[in-house]
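Report on the following structure.
Number of protein chains: 2
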Amino acid sequence: MAQKNAFYAQSGGVSAVINASACGVIETARGHAGTFGKVLAGRNGIIGALTEDLIDTSQESTAAIAALRHTPSGAFGSCRYKLKSLEESRREYERLLEVFQAHDIGYFFYNGGGDSADTCLKVSQLAGSLGAPIQAIHVPKTVDNDLPITDNCPGFGSVAKYIAVSVREASFDVRSMAATSTKVFVLEVMGRHAGWIAAAGGLASDKATELPIVILFPEVTFDQERFLAKVDSLVKKHGFCSVVVSEGVKGPDSKFLADQGSKDAFGHAQLGGVAPVVSGIVRDGLGLKYHWGVADYLQRAARHIASKTDVEQAYAVGKTAVELALAGRNSVMPTIVRESSYPYRWSMGEAHLSEVANVEKKMPRDFISPDGFGITATCREYLTPLIQGEDYPPYKDGLPDYVTLKNEPVEKKLPEFTI
Amino acid sequence: MAQKNAFYAQSGGVSAVINASACGVIETARGHAGTFGKVLAGRNGIIGALTEDLIDTSQESTAAIAALRHTPSGAFGSCRYKLKSLEESRREYERLLEVFQAHDIGYFFYNGGGDSADTCLKVSQLAGSLGAPIQAIHVPKTVDNDLPITDNCPGFGSVAKYIAVSVREASFDVRSMAATSTKVFVLEVMGRHAGWIAAAGGLASDKATELPIVILFPEVTFDQERFLAKVDSLVKKHGFCSVVVSEGVKGPDSKFLADQGSKDAFGHAQLGGVAPVVSGIVRDGLGLKYHWGVADYLQRAARHIASKTDVEQAYAVGKTAVELALAGRNSVMPTIVRESSYPYRWSMGEAHLSEVANVEKKMPRDFISPDGFGITATCREYLTPLIQGEDYPPYKDGLPDYVTLKNEPVEKKLPEFTI
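Line by line, the protein sequences give chains A and B. Just so we're aligned: the first sequence equals residues 1 to 419 in the numbering used here. Just so we're aligned: the second sequence equals residues 1001 to 1419 in the numbering used here.
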């Protein structure tokens, strides 16, 4: 096999551990220099490939690449830019292949969620049909945890841990204050369509540390009367409660409880602000004192409290992606295979991208308790392993010592391309 | 000195380290059993003393008391209940003394902010004037960092660390997304009157890791035009910026930018929701994509990322309070004395409560940069030592193993008292 360069790009919302996957890709490719030349990264994701704005990662020191493992966010920049069907976006797919050819790229590692798996598959198909094959390997990443086949998606476990820890801490706080002050704390978490992240709030309470928590899932239509009855009964019994509300919760009219009316580049509605809406309902319906928080980016950037399991899996999918390329595989994605839950044992598998692209894994209905406000034992068994272990970053002057790469550009060889 | 029981209570908003002070008080008192009998705690703060709802901390194991050091919130419950002047609240002060006498209490350790220092002083004065002396020692605690004389207030350093870490992490996230998506991240932090907590957001950027951050302090009247110009210039230069906004920021009309209109038991306006207001200003004024978060209770409960310095100081003020009592002192508060900033060296001092009660320490004007949007080198020198070191709690099943005490009640001896 002749030596070829590899292209790596980050796609969509970033996470606490997507750079750990980048670290896995680059370190493993560096270890097989006979097969892989340079790893070139797309500046700001796939846009970097389209505009031939490539980063030469070979300019980064071994220490800088190693530091990616403990650095949150997307070190090369990410983007929300979706390529459509081969017919609709043919000009862009062809441009990608042109750039890959100009820079002697034979491997395409694309680190993202369902949309990028689809892009990855199409690049591979088009390259094959044009007789200029590219081995396209998708590296799974999404805090939404909605990719099929794989046990979970790197990025999710760390958000889950952050939410579980935060809900436990805030619940202890409210419990202290409830006699004369705040009785209900409402925390808004991410999750447009699926309640995976909200479900993690349920882990804050366990047998050793019981805490009253109400979860509002996007899968369960919001019923104001039943919600208020639930909060009322918990506050009467325990003196307080915490509410974890997913940004994607909808009312009986099928509208988001909080809809800002704007949309992102993928056409998804951009949400935010359901916590104050729910708090207002508590105030008006029960007259209870409340506080509310919105975790927003803090939850997915919180590398300081990342799950060790998640970091290890994020690195492993990057490493395995390169190993799959070495083994001659194409149009595949490394998957995490759960072998047992208690204790958690996992290994790496693979899935063909045709099984992954545009398939959304929903949360099983039996993960949600019959009353719709909590998680079941089955859900707990699924989630608990994913938050195991701490993987603290190094600190300097009291702050995490995260790396910012040099991101040296590769010289351009092609005419300009406008997107 | 005859053996007497001690009374300990937590007051006002709780913190990540107020239980470390409780730990310092109880462990130190247990070590001097000749002087101190039992430490009785007020259930839900001073309300527990008024209603004779006392907790017998001698029922708690050595391990449980030691675990307070790494457990956030108020283990015995806190309250927002302010005693007024001796004239206005004489009935309550007399009741306190009655309860103290009935339970053979000779020492009053009150763990809180400015209001509780005032209560502490008045209890001591009244007890003295009635010939039934009580040694009243105030144990400083407030995330607002607004007590005078002491270098800082336990609780603040950990909030500062949480905010600095979170702003750094969220800024890395926005930086990754800015090419096609979010360019401005707005984080709302606590601080009604003083910008101490907001200032800590400025630590997220330092020489090794430069990040564009705009701070909105309550000390600086919000000027929409200047704010938009600042954000615009940072986004043009860096592609993105983070905004840290204090809940207490006021507009030119002297009204809070976000005023929910309700008030807490101390008569303070209850705020929340300035982040979406500021985000809307960015959207309407500059047309930039934004995200916003509200840290709320997460910031003050975040024991998982507490400052080691803060934990040590919180323990030290509890321990020193008991040592001051042993030395026969009355109506005093242990203070933290800064001996040098780089490296940070501190020792314990003391202040008379007449110098502490109802005196609010403001942030010096020379801590805020001339343009009003950042911190100065002087402020950095003050803040940096306070976030040094990590003091991770133990974990179990992926979550911090925080203690919940048994909180066994002491048998009542007096007629009921209604508050």
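Virtual Cβ for every residue (Gly too), placed ideally from N, Cα, C.
Quick one: list the residues of chain A neighbouring residue i, beta-carbon separation under 8 Å, in chain order.
{"i": "residue 1111(B)", "result": "Neighbours of residue 1111(B) on chain A: none; closest Cβ ~12 Å, over 8 Å."}
{"i": "residue 1080(B)", "result": "177, 180 and 181"}
{"i": "residue 1155(B)", "result": "Those within 8 Å of residue 1155(B) in chain A number zero; the least Cβ separation is about 12 Å."}
{"i": "residue 1391(B)", "result": "Within 8 Å Cβ-Cβ: nothing; residue 1391(B) doesn't reach chain A, min ~12 Å."}
Which one of the options has the shortest CA to CA distance from residue i?
{"i": "residue 1029(B)", "options": "1089(B), 1062(B), 1333(B) and 1322(B)", "result": "1322(B)"}
{"i": "residue 149(A)", "options": "397(A), 367(A), 358(A) and 220(A)", "result": "358(A)"}
{"i": "residue 124(A)", "options": "348(A), 415(A), 331(A) and 227(A)", "result": "331(A)"}
{"i": "residue 339(A)", "options": "152(A), 250(A) and 158(A)", "result": "152(A)"}
{"i": "residue 1083(B)", "options": "1065(B), 1189(B) and 1049(B)", "result": "1049(B)"}
{"i": "residue 1166(B)", "options": "1143(B), 1242(B), 1120(B) and 1349(B)", "result": "1242(B)"}
{"i": "residue 274(A)", "options": "255(A), 288(A), 121(A) and 289(A)", "result": "255(A)"}
{"i": "residue 1276(B)", "options": "296(A), 310(A) and 204(A)", "result": "296(A)"}
{"i": "residue 1315(B)", "options": "1174(B), 1093(B) and 1348(B)", "result": "1348(B)"}
{"i": "residue 66(A)", "options": "17(A), 285(A) and 175(A)", "result": "17(A)"}
{"i": "residue 416(A)", "options": "137(A), 327(A) and 96(A)", "result": "96(A)"}
{"i": "residue 1146(B)", "options": "1335(B), 1346(B), 1407(B) and 1343(B)", "result": "1335(B)"}
{"i": "residue 386(A)", "options": "162(A), 45(A) and 98(A)", "result": "162(A)"}
{"i": "residue 188(A)", "options": "47(A), 46(A), 31(A) and 291(A)", "result": "291(A)"}
{"i": "residue 130(A)", "options": "251(A), 352(A) and 94(A)", "result": "94(A)"}
{"i": "residue 1369(B)", "options": "1217(B), 1329(B) and 1158(B)", "result": "1217(B)"}
{"i": "residue 1213(B)", "options": "1232(B), 1282(B), 1122(B) and 1202(B)", "result": "1202(B)"}
{"i": "residue 104(A)", "options": "379(A), 306(A), 232(A) and 39(A)", "result": "39(A)"}
In terms of residue numbering, what span does the alpha helix (DSSP H) encompassing residue i cover?
{"i": "residue 232(A)", "result": "224-238"}
{"i": "residue 1019(B)", "result": "1018-1030"}
{"i": "residue 1303(B)", "result": "Unbroken run through residue 1303(B): none, as it is neither H nor E."}
{"i": "residue 94(A)", "result": "90-102"}
Strictly below 7 Å CB to CB, what residues from chain B border residue i?
{"i": "residue 384(A)", "result": "1397 and 1398"}
{"i": "residue 276(A)", "result": "1273"}
{"i": "residue 245(A)", "result": "Residues of chain B passing the Cβ test: none, with the nearest at roughly 13 Å."}
If residue i sits next to residue j, beta carbons under 8 Å apart, how far is it from one beta carbon to the other, in whole angstroms?
{"i": "residue 1107(B)", "j": "residue 1116(B)", "result": "Wrong, their Cβ atoms sit about 15 Å apart, outside the cutoff."}
{"i": "residue 1068(B)", "j": "residue 1022(B)", "result": "5 Å"}
{"i": "residue 1033(B)", "j": "residue 169(A)", "result": "Contact doesn't hold; Cβ gap of about 34 Å is too wide."}
{"i": "residue 1196(B)", "j": "residue 1333(B)", "result": "Between residue 1333(B) and residue 1196(B) the Cβ distance is about 19 Å, and since that is not below 8 Å, they are no contact."}
{"i": "residue 1419(B)", "j": "residue 1051(B)", "result": "7 Å"}
{"i": "residue 1257(B)", "j": "residue 1184(B)", "result": "With a Cβ gap of about 16 Å, residue 1257(B) and residue 1184(B) do not count as contacting."}
{"i": "residue 78(A)", "j": "residue 24(A)", "result": "With a Cβ gap of about 17 Å, residue 78(A) and residue 24(A) do not count as contacting."}
{"i": "residue 1248(B)", "j": "residue 1191(B)", "result": "5 Å"}
{"i": "residue 404(A)", "j": "residue 1209(B)", "result": "7 Å"}
Give the residues of chain A in contact with residue i, contact being defined as C-beta atoms less than 7 Å apart.
{"i": "residue 1388(B)", "result": "398"}
{"i": "residue 1367(B)", "result": "Chain A residues near residue 1367(B): none, gap ~18 Å exceeds 7 Å."}
{"i": "residue 1118(B)", "result": "Those within 7 Å of residue 1118(B) in chain A number zero; the least Cβ separation is about 18 Å."}
{"i": "residue 1077(B)", "result": "176 and 179"}
Would you decide whether residue i is buried or exposed? Buried here means 16 or more other CB atoms lie within 10 Å of its CB.
{"i": "residue 1073(B)", "result": "buried"}
{"i": "residue 1003(B)", "result": "exposed"}
{"i": "residue 62(A)", "result": "exposed"}
{"i": "residue 262(A)", "result": "Note that residue 262(A) scores a pLDDT of 45, beneath 50, so its modelled location is shaky; the value from the coordinates is reported in the next line. Its Cβ having fewer than 16 others within 10 Å, residue 262(A) is exposed."}
{"i": "residue 1221(B)", "result": "exposed"}
{"i": "residue 43(A)", "result": "buried"}
{"i": "residue 366(A)", "result": "exposed"}
{"i": "residue 112(A)", "result": "buried"}
{"i": "residue 1019(B)", "result": "buried"}
{"i": "residue 398(A)", "result": "buried"}
{"i": "residue 1384(B)", "result": "buried"}
{"i": "residue 268(A)", "result": "Low confidence applies here, because residue 268(A) scores a pLDDT of 49, under 50, leaving its location unreliable and the question unanswered by this model."}
{"i": "residue 1391(B)", "result": "buried"}
List the residues of chain B whose Cβ lies closer than 9 Å to the Cβ of residue i, in chain order.
{"i": "residue 402(A)", "result": "1168, 1169, 1172 and 1209"}
{"i": "residue 83(A)", "result": "Simply none; closest approach about 13 Å."}
Check for me: the beta strand (DSSP E) holding residue i runs from which residue to which?
{"i": "residue 132(A)", "result": "Unbroken run through residue 132(A): none, as it is neither H nor E."}
{"i": "residue 185(A)", "result": "184-189"}
{"i": "residue 1108(B)", "result": "1105-1112"}
{"i": "residue 7(A)", "result": "4-10"}
{"i": "residue 1163(B)", "result": "Per DSSP, residue 1163(B) belongs to no beta strand (DSSP E); it is in the alpha helix (DSSP H), 1156-1177."}
{"i": "residue 417(A)", "result": "Run containing residue 417(A): none; DSSP gives neither H nor E here."}
{"i": "residue 56(A)", "result": "54-56"}
Just the chain B side, please: which residues come within less than 8 Å of residue i by C-beta, in chain order?
{"i": "residue 305(A)", "result": "1304 and 1305"}
{"i": "residue 73(A)", "result": "1169, 1172, 1173, 1175 and 1176"}
{"i": "residue 300(A)", "result": "1173"}
{"i": "residue 236(A)", "result": "Simply none; closest approach about 17 Å."}
{"i": "residue 47(A)", "result": "1179 and 1180"}
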